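Q:
In my numbering, the protein residues as written are 34 to 637.
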């Protein structure tokens, strides 16, 4: 049989491993799939198909399939095609294309993170090819490489690929026949998400030929964002809402890095494509058309004020004032006069009457940041203003009606503050009409490459520093860093690095972290989530040794990291009587990760 027609079936796997269908060993399945896939696709670049297939685990007993630590499902393409047709018919082609493109982007970003974690030292070009093999292994499409040009010094990328047997095309043609536009929406999103996450900069793919247009195969071209002329059109499908920035990715002017620019602040752009970011954008769009009170929650630096500002810009009140107040920055003795205004002679020094923030924001939006820092007295006065829709200046004798939409934000858990008696329960319910939670950056890692690209372009223009891009070490560090300061910290790191890096050079790790914290092994273990998880496993060795009551074998010489990991795994598996799930819980890791490492050390 010709190699091109060879297929991998579960029956083949069962016969090859001597197992019974429906009850096969995950390690044996992974090994068999690796062998079949290696024969089918060929190639021995690292990581090859056999390496990638080793990450695939079947656990039919508990109804789960794992691709390393990512849960997967087997789904009928006809079911996906039915979903696609219903979305196109109910939402329209443009909206449906955007949804599938974003879903593909998330899938590609997840696979890129897997490759980064599993093979942290792999050559970028080889790691990029691993994405084509993952896509084939997942049954989506067979990818044929035409050419790829990647310049590590400049960070520029240009690739051309052919797609064969596209599952998306099969279902689209079955539903709509041959048309005039490309239909591999999810696959284009996947390629963009995978390569962008891998290289740490926005790389956009376009489908120039498609079987859904009558072509023999699909042809896709991927380029760095600054090499496309009209990137905004591509980003419209990647962005969930129209107010998410597209100009932030546009090609910079030829002289953009020659003179400093007084352009808008980098914080004025809303950038993101992750599912968590898109969910927040959908909520924002839904509540914007109303006058309901909105409460933004989330850690410091996640962009609460930016979301509040955008809420005002897309609301019917956009032509009226937007007034922002940082409640934590105003002394308790002045908060009442700042919010409600003061009449002349109300107290010593009040020589003139002046309006407060409520009056200044009348007709528009009042944003109260750090609302949890208000004193109990100030909370009571704020509650009255919200309930009555009118305020009274300090020293005044008449009530002043105000038409203000109040938007609040806090990085504290207000429900907990209510339980502790630090925040009024009635005010909490008055503010908590429409809560929107903004996740920390570590929970929306798919957005990191987009933010890196945006901040790099912005600060190149602002500081007239013609930095070419990021080194692979810098990309790896930023993609794995936990960002305790969230987007604000990433923004500051990139600005610092643009200033520190050589003109015409690349940003490296020492440009990002000038304090030397990334050079400390202790800090690296705590602050960087290394892909192989070896550091994390080694860090829990002492805890595991104390918890697992199994005698350890003495060693006459210090153990290597591999030996330490093997000994720890042996203790955990023995203490769990061979139950890998229990051993994984003991070591605070996933079963898939533990099974992979136990198999590597030949413990199972």
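Backbone N, C-alpha and C fix where the C-beta goes; we use that ideal spot for every residue, glycine too.
All values derive from a computational prediction rather than experimental measurement.
Quick one: what's residue 175 bridged to in DSSP?
A: 197
Q: For residue 243, tell me which candidate among 303, 174, 267 and 398 has the shortest Cα-Cα distance.
A: 174
Q: Using a Cβ distance threshold of 8 Å, determine whether the region 137–155 contacts the region 222–237, with at least three qualifying pairs required.
A: Cβ pair count under 8 Å is three or more, so yes.
Q: Following the continuous alpha helix (DSSP H) through residue 450, name the residue where it begins and the one where it ends.
A: 447–452
Q: Residues in the same chain with beta-carbon distance under 6 Å from residue 24, minus the five sequence neighbours each way, listed in chain order, please.
A: There is no way to answer for residue 24, as the model of the chain reaches only from 34 to 637.
Q: Find out if the Cβ-Cβ distance for the pair residue 149, residue 604 is shorter than 9 Å.
A: no
Q: Assuming residue 368 contacts residue 419 (C-beta within less than 8 Å), just tell me the rounded distance between them.
A: Going by Cβ atoms, the distance from residue 368 to residue 419 rounds to 15 Å, so no, they are not a contact pair.
Q: Would you identify the three-state DSSP class for residue 218, choosing helix, strand or coil?
A: helix
Q: How many whole angstroms separate the CB atoms of residue 204 and residue 113, which I take to be in contact at a CB cut-off of 8 Å?
A: 6 Å between Cβ atoms; contact.
Q: Should residue 363 go down as buried or exposed, given a rule of 16 or more other Cβ atoms within 10 Å for buried?
A: buried
Q: Cα-Cα, which of 261, 495 and 329 is closest to residue 401?
A: 329
Q: For residue 609, which residues from the same chain have a beta carbon less than 7 Å from its beta carbon, with the 5 sequence-adjacent residues on both sides left out?
A: If we look at residue 609 and ignore the five residues flanking it on each side, its Cβ neighbours are 615, 616 and 619.
Q: Would residue 134 and residue 212 qualify as a contact pair, given that the criterion is a beta-carbon distance under 9 Å?
A: No.
Q: Tell me, please, whether the region 466–485 touches the region 419–433 by the rule of three or more beta-carbon pairs shorter than 8 Å.
A: Using a Cβ-Cβ distance cut-off of 8 Å, the region 466–485 and the region 419–433 are not in contact, since fewer than three pairs of beta carbons, one from each stretch, lie closer than that value.
Q: For the alpha helix (DSSP H) that contains residue 649, what are its first and last residues?
A: Outside the shown range of the chain, which is 34 to 637, sits residue 649, and nothing can be said about it.
Q: Flag this pair as touching only if the region 489–505 and the region 524–540 have three or more C-beta atom pairs under 8 Å; answer yes or no.
A: yes
Q: Using DSSP's beta-bridge definition, name the partner residues of residue 470.
A: 330
Q: In the structure shown, what three-state DSSP assignment does residue 127 receive?
A: helix
Q: Closest by CA to residue 87, which one among 100, 268, 443 and 93?
A: 100
Q: Who are the near neighbours of residue 293 in its chain, counting only those whose CB is closer than 8 Å to its CB and skipping five residues on each side?
A: Low confidence applies to residue 293: its pLDDT is 45, below 50, so where it sits in the model is not reliable, and the reading given next is rough at best. Contacts found: 494, 495, 496 and 497.
Q: Residue range of the beta strand (DSSP E) that residue 257 falls in?
A: 251–257
Q: Pull up the distance between the alpha-carbon of residue 49 and that of residue 256, whole angstroms please.
A: Caution is warranted here: a pLDDT of 46 is assigned to residue 49, below 50, making its placement in the model unreliable, and the coordinate value is therefore given only provisionally. Near 41 Å, if we compare the C-alpha coordinates of residue 256 and residue 49.
Q: How big is the Cα-Cα spacing for residue 323 and residue 348?
A: Approximately 7 Å, taken between the alpha carbons.
Q: In terms of DSSP beta bridges, what is residue 438 paired with?
A: Answer is 398, bridged to residue 438.
Q: Where does residue 180 sit, in a helix, a strand or coil, going by DSSP?
A: Residue state, collapsed to three classes: strand.
Q: For residue 396 versus residue 372, is the C-beta spacing smaller than 9 Å?
A: no
Q: Here's a check: name, in chain order, each residue in its chain whose Cβ is nearer than 6 Å to the Cβ of residue 191, leaving out the five neighbours to either side.
A: The residues are 182 and 256.
Q: Roughly how many angstroms lie between the CA atoms of residue 252 and residue 185, to the nearest whole one?
A: 25 Å
Q: Taking the alpha carbon of residue 12 as the point to measure from, which residue in 273, 248, 307 and 279 has its own alpha carbon closest?
A: Nothing can be reported for residue 12, as the shown portion of the chain is limited to 34 through 637.
Q: May I have the straight-line CA-CA distance separating residue 81 from residue 198, to the nearest angstrom?
A: The straight-line gap separating the alpha-carbon atoms of residue 81 and residue 198 is approximately 21 Å.
Q: Where are the beta strand (DSSP E) runs, 3 residues long or more, that stay fully inside the region 332–388, in chain order?
A: Those beta strand (DSSP E) runs which fall completely within the region 332–388 and span 3+ residues are 355–359.
Q: Could you work out which residue in 375, 335, 201 and 398 is closest to residue 358 when comparing CA atoms only?
A: Closest option to residue 358, Cα to Cα, is 398.
Q: Take the Cβ of residue 356 as the centre, count every other Cβ of all protein chains shown within 10 Å, and call the residue buried at 16 or more, exposed below.
A: buried
Q: What are the boundary residues of the beta strand (DSSP E) that includes residue 240?
A: 236–242
Q: Are residue 165 and residue 178 closer than 9 Å when you measure CB to CB?
A: yes
Q: Label residue 9 either buried or exposed according to how many other C-beta atoms from any shown protein chain fall within 10 Å of its C-beta, with 16 as the threshold for buried.
A: The requested residue 9 does not occur in the structure, where the chain is confined to residues 34 to 637.
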